[in-house]
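Colleague: Sharing a structure here in structure tokens format.
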Amino acid sequence: MNINKNDAITSRDTDFAKWYTDVCRKAELMDYSSVKGFIIYRPYGYAIWEQIQKYLDGRFKGIGVSNVYMPLVIPESLFNKEKEHVEGFAPETLIATIGGKAKIDDPLIIRPTSEVLFCEHYAKIVSSHRDLPKMYNQWCSVVRWEKTTRPFLRGSEFLWQEGHTIFATEGEARGNALEILKIYGDLGNDVLAIPFVKGLKTDKEKFAGALETYSIEALMHDGKALQSGTTHYFGTGFAEAFGIKFQDKDNILRTPHQASWGVSTRLIGSIIMVHGDDNGLVLPPLVAPIQIVIIPIQQNREGILAKAEEIKNRLEKEGYRVSLDASDRSPGWKYAEYEMKGVPLRLEIGPRDLESGNVVIARRIDGHKEVVKDSDIEKEVQRLLKEVHNVMLDKARVFLDSHILAVKSVAELKSVVDKGGYAKMMWCGCRECEDKIKELTTATARCMPLDDQIPFDDKCPVCGKKAERVVYFAKAY
RNA sequence: CGGGACGUAGCACAGCUUGGUAGUGCGCUUGGUUCGGGACCAAGAGGUCGAGGGUUCGAAUCCCUCCGUUCCGACCA
């Protein structure tokens, strides 16, 4: 194979970080702008986000969430109302201080998240139990002045959805945080082919201002974890700070309970690092902007292009996202190009096929090719896409399961996280032990997994005190 | 924000030590031949050398500052 050096990507084993940025750029997902951490989401990358949006938006609306849009800016005075929240975000805010050449007296913070805007609004529109619950969500971008940035994983600006909900009771609010966590889990299993670990964050790792933070954690191919989304139960802290009250059925004035939740374009980073290989991106069929690419061979021959067009139309009619590449590049070039871009299925149609009434379909995940009868294309594509999704999910799950190892000492923990993966540990619950682990191993507590809380020991390996909770530690992005 | 590396055409790089006309390969454009794993021939186009300042008769090259990318830490979706 005559691979052009300029087009080649670094192999994952050589330099995983370089491989990642190579894929981001060469698969045309993004480009850098001239301001640090502000990336350009190119059409192909943005299209992946649109697929994620489409799925989640439907699920959110399915449980009664409404989309809204809040302002881009937050007056500093308003932002300062909730103490923990301010302390959490103050170091990374971008602030506008000049408007039309005049100094702005109350500087405007470019939203790093919109809790306070929602709270301010809820304070105005909630006054009776009849006004509850409210479940709002917005699709927008936020800005955080990050010190180190990486495409999709950590940007100064990133795209996300932030849901902000408010309820009469604690149970409903926490239930909402858990319900959304479940939806995020479904997104992983059913759409992204990523098995997320769902769990509760430790106090140290939880969101500024939250009582409870839940997260979905994905394990990258290099063994590092990536927090891919969070949901929070806020209790009444924000409501108290912003004076949100409602008169209940018993005529008593009560403070409502809130939750919030979000996933961001970081999910694209997860997809890249969970599924990608040395030939580039590998996209799960349900988010792939192009699910099937049709490559005509000897396309100038009588009938080839016409057939390719016909197949394209047939597949589009079935609702698939199909692209026909009739450019004058060689077939080999096209194969490599669409592999780089992670297109799940490639359909080849050439003179041989035309004669025999077949086509060839190749899978991105393993290069496996099958000859398919023309009349069976729709059926086979449906089967193959489903199969590809399942293979990807299984593979990721096997990888995840084999990288969760129970440890009973800090030394064991270090050995596990150094190799890559989650070290599963019984934990006493104190901050000191968590800090100590970070100091000794650079690993952090990812979460206390909801589905894996059966104790396998009774004491914390760090301090030796009684331990009841299972925590996963890992090095993280 | 601390430490390292890097920044020259769309991409990958050479040129810098020792200052003196902007280079190579790939890609791109046009025409032709090709086409089942990154095809070939021919003719072309394309660069304020990351930005600003300084030294000099003269700066891609030497000096200073800034910006960006990247890696390792600290901090964070």
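So the first sequence is numbered by the working numbering: it starts at 1256 and just counts up by one.
Even for Gly, the Cβ is constructed at its ideal location relative to N, Cα and C.
Leaving out five residues on either side along the sequence, give the residues of the same chain with a beta carbon under 8 Å from the beta carbon of S1382.
Modeller: Here residue 1382 refers to the residue found at position 127 when the first sequence is read from its first residue. Result list for S1382: K1500, F1501, Q1502, in chain order.
Colleague: Can you tell me whether F1344 is helix, strand or coil according to DSSP?
Modeller: Here residue 1344 refers to the residue found at position 89 of the first sequence. Of the three classes helix, strand and coil, the one that applies to F1344 here is helix, per DSSP.
Colleague: What number of angstroms, rounded off, separates the C-alpha of S1670 from the C-alpha of K1572?
Modeller: Residue 1670 sits at position 415 when you count from the first residue of the first sequence. Residue 1572 sits at position 317 when you count from the first residue of the first sequence. Rounded to whole angstroms, S1670 to K1572 spans 53 Å at the Cα level.
Colleague: Restricting to Cα atoms, I'd like to know which of R1399, I1421, L1414 is closest to D1386.
Modeller: On the first sequence, position 131 is the one that residue 1386 refers to. Among R1399, I1421, L1414, the Cα nearest to that of D1386 belongs to I1421.
Colleague: Report, in whole angstroms, the separation of the C-beta atoms of K1589 and V1577, which I expect to be a contact under 8 Å.
Modeller: If you number the first sequence from 1, residue 1589 lands on position 334. If you number the first sequence from 1, residue 1577 lands on position 322. Between V1577 and K1589 the Cβ distance is about 14 Å, and since that is not below 8 Å, they are no contact.
Colleague: Note down the Cα distance separating I1659 from K1679, rounded to an integer number of angstroms.
Modeller: Here residue 1659 corresponds to residue number 404 of the first sequence, with the count starting at 1. Here residue 1679 corresponds to residue number 424 of the first sequence, with the count starting at 1. So the two alpha carbons sit approximately 6 Å from each other.
Colleague: Quick one: what's got a C-beta closer than 6 Å to K1720's C-beta in the same chain, skipping five residues either side?
Modeller: Taking the first sequence and counting its residues from 1, one reaches residue 1720 at position 465. Hits under 6 Å: C1683.
Colleague: Just how far apart, CA to CA, sit A1722 and C1688?
Modeller: The residue labelled residue 1722 in the question sits at position 467 within the first sequence. The residue labelled residue 1688 in the question sits at position 433 within the first sequence. Computed Cα separation, rounded: 11 Å.
Colleague: Is it buried or exposed, I1318, if we count other Cβ atoms within 10 angstroms and call 16 or more buried?
Modeller: Against the first sequence, residue 1318 aligns to sequence position 63. Result: exposed.
Colleague: Given a threshold of 16 other Cβ atoms within 10 Å of its Cβ, counted over all protein chains shown, does Y1732 qualify as buried or as exposed?
Modeller: Here residue 1732 corresponds to residue number 477 of the first sequence, with the count starting at 1. Looking at its Cβ environment, which holds 16 or more other Cβ atoms inside 10 Å, Y1732 is buried.
Colleague: CB G1292 to CB R1409, shorter than 9 Å?
Modeller: In the first sequence, counting from the first residue as 1, residue 1292 sits at position 37. In the first sequence, counting from the first residue as 1, residue 1409 sits at position 154. In contact: G1292 and R1409 (Cβ atoms closer than 9 Å).
Colleague: With C-beta atoms as the reference, is D1312 less than 9 Å away from W1394?
Modeller: Here residue 1312 corresponds to residue number 57 of the first sequence, with the count starting at 1. Here residue 1394 corresponds to residue number 139 of the first sequence, with the count starting at 1. In contact: D1312 and W1394 (Cβ atoms closer than 9 Å).
Colleague: Keeping to the same chain, check which residues put their C-beta closer than 7 Å to that of N1613; ignore five residues upstream and five downstream.
Modeller: The residue given as residue 1613 occupies position 358 in the first sequence. V1626, V1627, K1628, D1629, listed in sequence order.
Colleague: Which class does E1467 belong to by DSSP, given the choice of helix, strand or coil?
Modeller: As a first step, residue 1467 must be located in the first sequence, where it is residue number 212. Residue state, collapsed to three classes: strand.
Colleague: Excluding five sequence neighbours on each side, which residues of the same chain lie with their C-beta closer than 6 Å to the C-beta of D1277?
Modeller: Taking the first sequence and counting its residues from 1, one reaches residue 1277 at position 22. When the five nearest sequence neighbours on each side are left out, the beta carbons in the same chain lying within less than 6 Å of the beta carbon of D1277 are those of I1264, T1265, in order along the chain.
Colleague: In chain order, what are the residue ranges of uninterrupted alpha helix (DSSP H) at least 4 long that sit wholly in the region 1269-1340?
Modeller: 1271-1281, 1298-1317, 1331-1334
Colleague: Which residue spans inside the region 1471-1548 form an unbroken alpha helix (DSSP H) run of at least 4?
Modeller: 1492-1497, 1521-1530
Colleague: Could you give the DSSP three-state label for Y1575: helix, strand or coil?
Modeller: Counting from 1 along the first sequence, the entry for residue 1575 is found at position 320. In this structure, Y1575 counts as coil in the three-state DSSP scheme.
Colleague: DSSP three-state call for R1556: helix, strand or coil?
Modeller: Here the question's residue 1556 lines up with position 301 in the first sequence. DSSP, read as helix, strand or coil, puts R1556 in coil.
Colleague: Of the residues Y1439, N1322, V1290, which one's Cα is nearest the Cα of S1733?
Modeller: Nothing about residue 1733 can be reported from this structure: the residues present for the chain run from 1256 to 1732 only.
Colleague: Quick check: what's the CA-CA separation for E1425 versus E1337?
Modeller: Along the first sequence, one-based indexing puts residue 1425 at 170. Along the first sequence, one-based indexing puts residue 1337 at 82. So the two alpha carbons sit approximately 19 Å from each other.
Colleague: In three-state DSSP terms, what is G1418?
Modeller: Along the first sequence, read from residue 1 onward, the residue named residue 1418 stands at position 163. If DSSP states are grouped into helix, strand and coil, G1418 belongs with the strands.
Colleague: For T1368, which option in M1647, L1602, F1344 has the closest C-alpha, if you only look at C-alpha atoms?
Modeller: In the first sequence, residue 1368 corresponds to position 113, counting from 1. Answer by Cα proximity: F1344.
Colleague: Tell me the residue span of the beta strand (DSSP E) that contains R1701.
Modeller: Translated into positions along the first sequence, residue 1701 becomes position 446. Taken as a continuous stretch (DSSP letters only), the beta strand (DSSP E) holding R1701 covers 1699-1704.
Colleague: Three-state secondary structure (DSSP) at S1657?
Modeller: Position 402 of the first sequence, counting from 1, holds the residue named residue 1657. Note: S1657 maps to coil in three-state DSSP.
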